[in-house]
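Numbering (UniProt numbering), first residue to last: 1 to 324.
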């Protein structure tokens, strides 16, 4: 038995990083909703939204598996996100481990495939005993948004000027979006998660902002961690901020030598409309230090936070020591 994935149509070059696709489907909801569940996964990584609200708080789902043999799916209770009348379901896809560059000696792209795809089934149960099902089929539409590139090793590039406000809300005009095509994959490859998802676990503030011997701005978070940065910034439209990450310093500069060929670099281009807050969606880094370039004005500690991301395991142990 097969299941249907929605694939974005187009003529992109699979050998190069591509803009992250947005997919959406409008639908109507009748009165008397009793329960609604979203079953969802992707070839790539995804974040889903219903009526402009994020579904769940997972990070980089469905994670890394041998996708041709095992693909984890997630289930979310979305009852509270629906309302009677027009609704919309959207998904943003990133390369992740499926299509991004991974492996030793520089790695390579497209190890598991070269086309991102979404699998979704929204089941809406009504008080009268009936059920509506919204699935991935030819009625979906797709386009690209502000994420111009997303890669586990190399980081994310985001241009806020390309944001599509309201793209996952009902009533949005997707008349210039492309149609999708459907591919089928074996249902037997779908598996339930065997552990907790990756989530944002904590935030770490900078302990120091200094200037390197070469005149570069370095931010020290005081500990090694896994995650990404969240920034709050004001500046002119089109100005680009570059964030580079590393675990160590070498001769007072960002120590990128241990990264080998991984760029570990995120870039944000400002929209230019007041205070802007941004955190990458489809990458993560191991780092203690960040090098910040292109920041408009003076950089302050409250402008940045390191967002720690890891599997949301239940804590079962503690350690205390008299020597801090």
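Beta carbons are placed, not taken as given, at the ideal position from N, Cα and C, and that holds for glycine.
Provide the residue span of the alpha helix (DSSP H) that contains residue i, from first to last.
| i | result |
| --- | --- |
| residue 96 | 96 to 99 |
Thinking C-alpha only, which one of the options is nearest residue i?
| i | options | result |
| --- | --- | --- |
| residue 57 | 197, 321 and 217 | 197 |
| residue 55 | 89, 64, 66 and 84 | 89 |
| residue 109 | 93, 232, 99 and 313 | 99 |
| residue 16 | 71, 101 and 50 | 101 |
| residue 305 | 147, 282 and 201 | 201 |
| residue 208 | 300, 254 and 307 | 300 |
| residue 81 | 138, 29, 107 and 97 | 29 |
| residue 119 | 234, 228, 47 and 77 | 47 |
| residue 265 | 253, 291 and 44 | 291 |
| residue 327 | 218, 186 and 258 | Here the chain comprises residues numbered 1 to 324, so residue 327 is not present and cannot be evaluated. |
| residue 160 | 149, 245, 169 and 153 | 149 |
| residue 13 | 91, 116 and 323 | 116 |
| residue 313 | 194, 214 and 75 | 194 |
| residue 18 | 34, 158 and 91 | 158 |
| residue 216 | 172, 295, 171 and 184 | 295 |
| residue 35 | 86, 103, 214 and 128 | 128 |
| residue 311 | 31, 218, 62 and 53 | 62 |
By how many angstroms is the C-alpha of residue j removed from the C-alpha of residue i?
| i | j | result |
| --- | --- | --- |
| residue 105 | residue 260 | 8 Å |
| residue 298 | residue 284 | 26 Å |
| residue 223 | residue 288 | 5 Å |
| residue 277 | residue 84 | 32 Å |
| residue 181 | residue 9 | 6 Å |
| residue 229 | residue 280 | 7 Å |
| residue 65 | residue 71 | 6 Å |
| residue 249 | residue 318 | 30 Å |
| residue 6 | residue 155 | 25 Å |
| residue 25 | residue 256 | 43 Å |
Starting from residue i, follow the beta strand (DSSP E) in both directions and report where the run begins and ends.
| i | result |
| --- | --- |
| residue 210 | 208 to 211 |
| residue 285 | 285 to 293 |
| residue 310 | 304 to 311 |
| residue 122 | 117 to 126 |
| residue 336 | With the chain covering 1 to 324 only, the question about residue 336 has no answer from this structure. |
| residue 134 | 131 to 135 |
| residue 21 | 21 to 29 |
| residue 45 | 45 to 50 |
| residue 148 | 147 to 151 |
| residue 278 | 276 to 278 |
| residue 112 | No beta strand (DSSP E) holds residue 112; DSSP gives it neither H nor E. |
| residue 156 | 155 to 159 |
| residue 5 | 2 to 8 |
Within this structure, are the beta carbons of residue i and residue j separated by less than 8 Å?
| i | j | result |
| --- | --- | --- |
| residue 131 | residue 123 | yes |
| residue 40 | residue 73 | yes |
| residue 107 | residue 282 | no |
| residue 143 | residue 43 | no |
| residue 183 | residue 27 | no |
| residue 247 | residue 213 | no |
| residue 153 | residue 263 | yes |
Just to confirm the assignment: which complete beta strand (DSSP E) runs, minimum length 3, are found wholly within the stretch 165 to 242? Runs of the beta strand (DSSP E) lying entirely within the stretch 165 to 242, each at least 3 residues long, are 178 to 186, 198 to 204, 208 to 211 and 217 to 233 in chain order.
Runs of beta strand (DSSP E) lying entirely within the stretch 63 to 99, each at least 3 residues, in chain order: Runs of the beta strand (DSSP E) inside the stretch 63 to 99: 74 to 77 and 85 to 94.
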